[in-house]
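Novice: Sharing a structure, written as structure tokens. Questions coming.
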Amino acid sequence: MEPQTRFNLTTALAGWRQELQAQDALTDEDRRELESHLLDSMEGLRRLGLPEEECFWLARRRLGRPEELHEQFTLADPGKVWRERAYWFVLGLFALQWLGLAGRGILRAAILSIPESWSVYAPTWWAGSWRLFCLETIVFMVTWILPAIAIVLLMRHGRLFAHPRTSDLFYSRWKLSLFGISTVLILAILGLYGSDHFFLNFMMEIGFRMYGLLALLVWLMPKPSRTTAQPAFGG
Amino acid sequence: MYPKLMLSKDLIAASSKPLVLSILAEGESYGYEILQRIRELSGGRIEWSEGMLYPVLHRLERDGLVQAEWKRAESGRERKYYSLSIDGKKSLDQERQQWLTVHKSLCKLWNLKPVST
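The listed protein sequences derive, respectively, from chains B and S. Under my numbering, the first residue of the first sequence carries the number 1, and numbering increases by one thereafter. Under my numbering, the first residue of the second sequence carries the number 1001, and numbering increases by one thereafter.
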């Protein structure tokens, strides 16, 4: 009976391919080329008389770990990463818009189901329009401000859009995002002083648009150029 | 730090372009062969981590300095072959002049006889 640990090149290669697949900076052609290199490298080692298994692991190690390959390919074409980010950013904005709409619907229904008699707890100067106030404030907070704060916090902690080359931008991004949020808030508060519902919506809408535009600009802001534009080398 | 007097990372990165262009000026080649050639030329002192060559090649291709083409070798395996473009030749001339300027300046400072151009 053959030992179970016997090296199987096909399986090993399939495993390696799968690891490469997980690195999204690599295109299919990149993977094809790297695999061709791995096979060339193995062939060279085989000629030195090394056993098949050793050839594979040594060739694999010389080529670099899949995560390292990902990083180097990313550094070599930062534009690709930015195009991808812009795509996710736009997708995220759409998702937020739709989730916001759904959230609004649910919250509206929930707030409107509060009995009218509860309005006694609201300050007297709100009387009459307290429901509208609650509705708009809470809907606004939940659908726009909270996700925006969450995004900024995630960015701040490097959970979102984390990349070594952009980390030095976090501080200015953070400030600019904060500025964006305060703009929306100020406009919304100004809107509350308006005489009617239409004015409030109008101001908030302007705020959102401005914040969206600002976020997009901040997001696509060019990176500071580094002294060495070349990818890092070394074994 | 470098027991075999290995080239520093910065220098390896800076010299990658002229090296790759010069090797391709000898004729078309593919990744593995280019690395072998560099190892051979430098006596093993320029040791690239192999996967790093491809981003360099791809950047040269994007800049129009090299052309790439998939070809099938006699063994039946496919390889991506790179060759120098006309712009690549011009760029190599510039690189050569710049590196020779550095070379000559250092030679003067160290009282060595510069390699003639």
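A virtual CB, placed ideally from N, CA and C, is assigned to each residue, including glycine. Model, not experiment: these values are computed from the prediction.
Please compile the residues from chain B whose C-beta is within a distance smaller than 9 Å of the C-beta of Y1054(S).
Specialist: Against the second sequence, residue 1054(S) aligns to sequence position 54. The contacting residues are D30, E33, L34, H37, L69, Q72, F73, A76.
Novice: What does DSSP give as the partner residues of Q18(B) in its beta bridges?
Specialist: Along the first sequence, read from residue 1 onward, the residue named residue 18(B) stands at position 18. Answer is none; Q18(B) lacks a bridge partner.
Novice: Less than 8 Å between CB atoms is the rule here; does Y1032(S) satisfy it with respect to chain B?
Specialist: By one-based count along the second sequence, residue 1032(S) stands at place 32. Judged by the 8 Å Cβ criterion, Y1032(S) is in contact with chain B.
Novice: Whole angstroms are fine: how far does the CA of A25(B) sit from the CA of P1055(S)?
Specialist: For the purposes of this step, residue 1055(S) is identified with residue 55 of the second sequence, where counting begins at 1. For the purposes of this step, residue 25(B) is identified with residue 25 of the first sequence, where counting begins at 1. Distance between the alpha carbons of P1055(S) and A25(B) is about 11 Å.
Novice: Could you tell me the alpha carbon to alpha carbon distance between M1006(S) and I1046(S), rounded to whole angstroms?
Specialist: Counting from one through the second sequence, the residue named residue 1006(S) turns up at place 6. Counting from one through the second sequence, the residue named residue 1046(S) turns up at place 46. So the alpha carbons of these two residues sit roughly 6 Å apart.
Novice: Can you give me the start and stop residues for the alpha helix (DSSP H) that R1072(S) sits inside?
Specialist: Here residue 1072(S) corresponds to residue number 72 of the second sequence, with the count starting at 1. Counting along the chain, R1072(S) falls outside any alpha helix (DSSP H), though it belongs to the beta strand (DSSP E) covering 1066-1072.
Novice: Determine the chain S residues that contact R62(B) at a beta-carbon separation under 7 Å, and present them in chain order.
Specialist: Mapped onto the first sequence, residue 62(B) falls at position 62. Per Cβ cutoff of 7 Å: E1050.
Novice: Given this structure, state the Cα-to-Cα distance separating L69(B) from G49(B), to the nearest angstrom.
Specialist: Within the first sequence, residue 69(B) is the residue found at index 69, counting from 1. Within the first sequence, residue 49(B) is the residue found at index 49, counting from 1. Computed Cα separation, rounded: 28 Å.
Novice: Would you mind reading off the limits of the beta strand (DSSP E) that contains E1033(S)?
Specialist: As a first step, residue 1033(S) must be located in the second sequence, where it is residue number 33. Taken as a continuous stretch (DSSP letters only), E1033(S) belongs to no beta strand (DSSP E), being part of the alpha helix (DSSP H) at 1031-1042.
Novice: With a threshold of 8 Å between beta-carbons, can S41(B) be considered close to chain S, or not?
Specialist: Taking the first sequence and counting its residues from 1, the one referred to as residue 41(B) is at position 41. Taking Cβ atoms only, chain S reaches closer than 8 Å to S41(B), which makes this a yes.
Novice: Quick check: what's the CA-CA separation for Q1098(S) versus P1018(S)?
Specialist: Within the second sequence, the letter at position 98 stands for residue 1098(S). Within the second sequence, the letter at position 18 stands for residue 1018(S). Each residue's alpha carbon lies about 10 Å from the other.
Novice: What residue does the beta strand (DSSP E) around R1079(S) start on, and which one ends it?
Specialist: Here residue 1079(S) is taken as the residue at index 79 of the second sequence, counted from 1. Element bounds for R1079(S): 1078-1084.
Novice: To which residues of the same chain is F236(B) closer than 7 Å at the C-beta, ignoring the five residues directly before and after it?
Specialist: Nothing about residue 236(B) can be reported from this structure: the residues present for chain B run from 1 to 235 only.
Novice: On a Cα-Cα basis, can you pick out the residue from L1035(S), R1096(S), L1021(S), K1104(S) that is closest to G1064(S)?
Specialist: If you number the second sequence from 1, residue 1064(S) lands on position 64. G1064(S) has its Cα closest to that of L1021(S), out of L1035(S), R1096(S), L1021(S), K1104(S).
Novice: Using the Cα positions of Y1082(S) and S1105(S), report the straight-line distance between them to the nearest angstrom.
Specialist: In the second sequence, residue 1082(S) corresponds to position 82, counting from 1. In the second sequence, residue 1105(S) corresponds to position 105, counting from 1. Using only the alpha carbons, I get a separation of about 33 Å.
Novice: Take L1053(S) and list the residues in its own chain whose beta-carbon comes closer than 7 Å to its own, dropping the five residues that flank it on each side.
Specialist: Counted from its first residue, the second sequence places residue 1053(S) at position 53. Contacts found: G1031, I1034, L1035.
Novice: Give me the Cα-Cα distance between Q1067(S) and I181(B), rounded to the nearest whole angstrom.
Specialist: Here residue 1067(S) is taken as the residue at index 67 of the second sequence, counted from 1. Here residue 181(B) is taken as the residue at index 181 of the first sequence, counted from 1. Taking the straight line joining both Cα atoms gives about 48 Å.
Novice: Does chain B have any CB closer than 8 Å to the CB of R1039(S)?
Specialist: Here residue 1039(S) is taken as the residue at index 39 of the second sequence, counted from 1. So no, R1039(S) is outside the interface.
Novice: If we define contact as Cβ-Cβ less than 8 Å, is K1080(S) a contact residue for chain B?
Specialist: As a position in the second sequence, residue 1080(S) is number 80, starting the count at 1. Taking Cβ atoms only, chain B reaches closer than 8 Å to K1080(S), which makes this a yes.
Novice: In terms of alpha-carbon separation, which member of I138(B), L39(B), I186(B), T27(B) lies closest to L13(B)?
Specialist: Counting from 1 along the first sequence, the entry for residue 13(B) is found at position 13. The shortest Cα separation from L13(B) among I138(B), L39(B), I186(B), T27(B) belongs to L39(B).
Novice: Taking 8 Å as the CB-CB cut-off, is H1103(S) touching chain B?
Specialist: Stepping through the second sequence from its first residue, residue 1103(S) is reached at position 103. For H1103(S), the answer is no, since every Cβ of chain B falls outside 8 Å of its Cβ.
Novice: With distance defined between alpha-carbon atoms, name the residue in H1103(S), N1111(S), L1112(S), K1108(S) nearest to S1015(S).
Specialist: Position 15 of the second sequence holds residue 1015(S). Comparing Cα-Cα distances from S1015(S) to each of H1103(S), N1111(S), L1112(S), K1108(S), the minimum goes to H1103(S).
Novice: Using 8 Å as the limit for Cβ to Cβ distance, is G235(B) near chain S?
Specialist: Looking up residue 235(B) in the first sequence gives position 235. For G235(B), the pLDDT reaches just 35, beneath the cut-off of 50, and the residue's location in the model is therefore unreliable, leaving the point undetermined.
Novice: Check whether the Cβ atoms of L45(B) and L58(B) sit closer than 8 Å, and answer yes or no.
Specialist: Here residue 45(B) is taken as the residue at index 45 of the first sequence, counted from 1. Here residue 58(B) is taken as the residue at index 58 of the first sequence, counted from 1. In this structure, L58(B) lies closer than 8 Å to L45(B) by Cβ.
Novice: Decide if L1109(S) is buried, meaning its Cβ has at least 16 other Cβ atoms within 10 Å, or exposed.
Specialist: Position 109 of the second sequence holds residue 1109(S). Per the 10 Å Cβ criterion, exposed.
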